[in-house]
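Engineer:
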Amino acid sequence: MQVTIDKPFQLELDVIATDEHVPSMKMDVVVRVQQFRHSLEYRGSMWFEYSCWETFVSSLNDGEARTATLTDMDACLVLALDTSGGAPEICGDFKSVALDGSIAKAACRFPADLEVVINNGTRATGTNPREISRGVKSKVN
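Using full-length UniProt numbering, the first residue of the sequence shown is number 1, and each one after it goes up by one.
1. Nearest to V15 by CA position, among E49, E89 and A87, is which residue?
2. Is it a yes or a no for the segment 44–61 touching the segment 18–35, going by three-plus beta-carbon pairs under 8 Å?
3. Which residue marks the beginning of the beta strand (DSSP E) containing D79, and which one marks its end?
4. Which of the three DSSP states, helix, strand or coil, is assigned to F110?
5. So, with DSSP's three-state summary, where would you put L99?
6. What number of angstroms, rounded off, separates the C-alpha of R32 from the C-alpha of E20?
7. Of all the options I5, V3, D82 and D28, which has the alpha carbon lying nearest to the alpha carbon of C76?
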């Protein structure tokens, strides 16, 4: 499964492994933010519970939901589409923890035209994690 968002920033999610013992999937994540003269790129691999992914997709499809949040199992990535404050926003918080305990963090927040994000800037293939697990050939490590 691959999910790509092109606007207002670039987000790429690609499933590389699944684990049925702890219903979850490992994704390669790439985030690219270009703003004015600055750019930020985040790359990492992380595990997401199927239930978290299903809740995120369900919230995106629910016209009444105020927030759709996707968080990996270690809380290194928190991605939220939020309409609770009136104007829609896309927020991303990213962190990486090294073996020595040092932490790198980055965050971004964009006003978002969700119609543009969902209809023009997003491409997804295979959003059902149960179907994904049948299609991923990678070994769980």
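Every residue gets a Cβ at the ideal spot worked out from N, C-alpha and C, and that includes glycine.
Structural biologist: In short, the structure shows the following:
1. E49
2. yes
3. A small fix is needed here, since residue 79 is Leu in this sequence, not Asp. That run of the beta strand (DSSP E) goes L77 to D82.
4. strand
5. coil
6. 31 Å
7. D28
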